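I have placed the structure first, in the form of C-alpha cells, so that the comments after it can refer back to it.
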Amino acid sequence: MRSFNAGDVVYLLLAARWTVLLSLIAFAGGGLVGLIIALMRVAQARAARWFAIGFIRVFQGTPLLLQLFLVFFGGDLIGVPLGAWLSVILGLSLNAGAFLGEIWRGSIQAVPNGQIEAARALGLHYGQRMLRVVAPQALRTAIPPTVGFLVNLIKSTSLAAIIGFVELTRAGQQLNNATFRPFLIFGLVASVYFVMCWPLTIAASRLERRLALAYKR
Amino acid sequence: MNYIFHFGDMWNARGEFVEGALMTLRLSGLAMVASLVIAILGALARTSGPKPLRMLVAAYVEIIRNTPFLVQIFMIFFGLPTVGLRLDANEGALIALILNGSAYTIEIVRAGIENISQGQIEGALALGLHRLQTFRLVVLPQALRIIVPPLGSQFILLMLNSSVCSAISADELTSAALDVQGRTFRAFEAFIVAAAIYFALSLLFSTAFATIERLAFGKRISR
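Protein sequence lines, in the order shown, are assigned to chains A and B. For the first sequence, position 153 matches number 153 in my numbering, and the numbering has no gaps at all. For the second sequence, position 37 matches number 37 in my numbering, and the numbering has no gaps at all.
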C-alpha cells in the first residue's frame, strides 16, 4: 500500500475528461435516438407508435446496468465485439433515447393541435410542419427537463466503471485499491461529479420556474 | 449469427434467480419504507424547521442528487469500515439505497407540502387546530394526492437502481445473474433472464401503485 499524493488528484481529473466526453457523446447519441422515438411516438402509423411505446417501456422498466451488460455481451454474440467504450456509448445512447423520447413526446403534444391543423391548411408538408411550427414551440417546454436529464446521464456514465472502462469512478476505484483511503478518494470523485452536475441542476430548476411563469401570464 | 441460445442452464439456475429477486424485493422494499419515513421528517425539517436544519437538509438533498449512486455505495461500503463500522455487502447496499432514496423522496414530499396554499393553513389555525393537527388533518391529506403518483415512479427507479448494488456483491438479482454467467459462460441468457425479471417486477410495482392510488383517491390522478 502506498500513500495518496498530489499526482493522484491529477489522475482523477484526467480521468474526469472521459466522463465528460462519454456524457457528451451519449447525449448526442441519445438525442438522435430520442428524436426518432419521440417522432414515432406521435406518428400517424400505429406500428410506429407501438414500437416507440415498447422501446420506452423496456428501457425504462429494466436496470441500466443490465442494458449495458446486454449490449456488451450482445455484441460478442452477433460476432461484433464492441469493447467497453463502444458498448457503453451504445447502451447509454439507447437508454437516454428512451427517456429523452418520452420527455420530447410530452413537449410535442403540448403544442396546441390548432397549430398543426393550421400548418396543414397552409399546405406545409410533414417536415416543414415539424421543423417550422412544432419544433420552435416544443423547444420551450423541452429544454428544462432535458437539462435535468443531462444530470442523470452524467451520473449514469459512472456505470461504465463496472464494465471496465476507466472513467472518473473507475479511476477512483483504482486509487482506492492502491492507497485505501476510501473517504478521501470517493469524496474527491463525488466532488468532481457534483461540480459537473450541480450547475445543471440549478439551471434546470431556474428554466422550469421561468417557463411556469411564462405560462401563468 | 451462429449463436445458439441455451436457456437450459438458466432453468437449472432458477433457484438462484428466485433468491436474487427476493433479495432485490427485500432490499428495495425496506429502502422504500425507510426512505419514506426519513423523507416525511426531512421534508418537514426542510419546510418548517429552524434555518440551520433547513440548510442541512437542503445540502444533503443536493449532494446526494448530484453525485452517482455507485460512488455513494463505494463511499459507504469501503468507507464505513475504516471508521470501525463493519458491514456486509447487503447491509452496505441497504444503507446506500436508503440514503439515496431519501434525498429524492424528500423533494417529492416537499413539493407536495409546499403546494398547499398558505390560506389552508391559516384557516386551520384560525379554527383552533394546533400545528400538528393542521399538518395531519389539513396539509397531509391534500399533499398525499400530489405526492403519491411521483412516489410510485421514484420507488420503481429505486428498485431498478438496486441492481448497482451488485458492484459490491450484495446478493441481489444482478449479482445472481453475474454468478450464473460466471459458472455457465452464458452471459446473454443470464442477463436477459434477469432483465425480464426486473421488467416483471416493475410492472408489478406500477400496477400495485396504481391500485393504491385508485383505492385511496377513487381514481387515478395523473399519467
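Ideal Cβ placement from N, Cα and C applies to all residues, glycine included. Values in this document were obtained by computation on a predicted structure and should not be read as measured data.
Distance between Phe-51/A and Met-40/A, taken at the CA atoms: about 8 Å.
In the displayed model, Phe-180/A falls within coil according to three-state DSSP, outside both helix and strand. Within its own chain, the residues whose Cβ lies closer than 7 Å to the Cβ of Arg-110/B, once the five positions on either side in sequence are excluded, are Ala-43, Arg-46 and Thr-47, listed in chain order. Residues of chain A whose Cβ lies closer than 9 Å to the Cβ of Phe-209/B do not exist, since the nearest Cβ in that chain is about 14 Å away. Taking 8 Å as the cut-off, the beta carbon of Thr-146/A is found no closer than this to the beta carbon of Leu-94/A. Rounded to the nearest angstrom, the gap between the Cα atoms of Trp-198/A and Ala-110/A is 28 Å. Residues of chain A whose Cβ lies closer than 8 Å to the Cβ of Leu-160/B are, in chain order, Gly-61, Thr-62, Pro-63 and Leu-64. Here Ala-39/B is near Thr-105/B, since their CB atoms are less than 8 Å apart.
Between the alpha carbons of Leu-70/A and Ile-4/B lies a distance of about 16 Å. Within the same chain, and ignoring the five residues on either side of Met-196/A in sequence, the residues whose Cβ sits closer than 6 Å to its Cβ are Ile-154. Think of a sphere of 9 Å around the beta carbon of Ile-162/A: the chain B residues whose beta carbon falls inside it are Leu-70, Val-164, Ser-166 and Ala-167, in chain order. Within chain A, the residues Pro-182, Phe-183, Phe-186, Gly-187 and Ala-190 have their CB atoms less than 8 Å from the CB of Met-75/B, given in chain order.
For Met-75/B, the enclosing alpha helix (DSSP H) begins and ends at 69-79.
Boundaries of the alpha helix (DSSP H) harbouring Gln-67/A: 64-77, taken from the DSSP string. A residue is called buried when at least 16 other Cβ atoms come within 10 angstroms of its Cβ; Glu-172/B meets this threshold and is buried. Under the DSSP assignment, Thr-211/B falls in the alpha helix (DSSP H) whose first and last residues are 187-217. Distance between Ile-36/A and Phe-73/A, taken at the CA atoms: about 25 Å. Under the 10 Å beta carbon count, Tyr-126/A is surrounded by fewer than 16 other beta carbons and is classified as exposed. Fewer than three beta-carbon pairs drawn from the stretch 122-140 of chain A and the stretch 73-82 of chain A are found closer than 8 Å, and the two stretches are therefore not classed as touching. Using a CB distance cut-off of 8 Å, Tyr-104/B does not count as an interface residue toward chain A.
Within a 10 Å sphere around the beta-carbon of Arg-131/B sit fewer than 16 other beta-carbons, which makes this residue exposed.
Between Gly-79/B and chain A, the shortest Cβ-Cβ separation is below 8 Å. In this structure Pro-144/A is buried. Its beta-carbon is surrounded by 16 or more other beta-carbon atoms within 10 angstroms.
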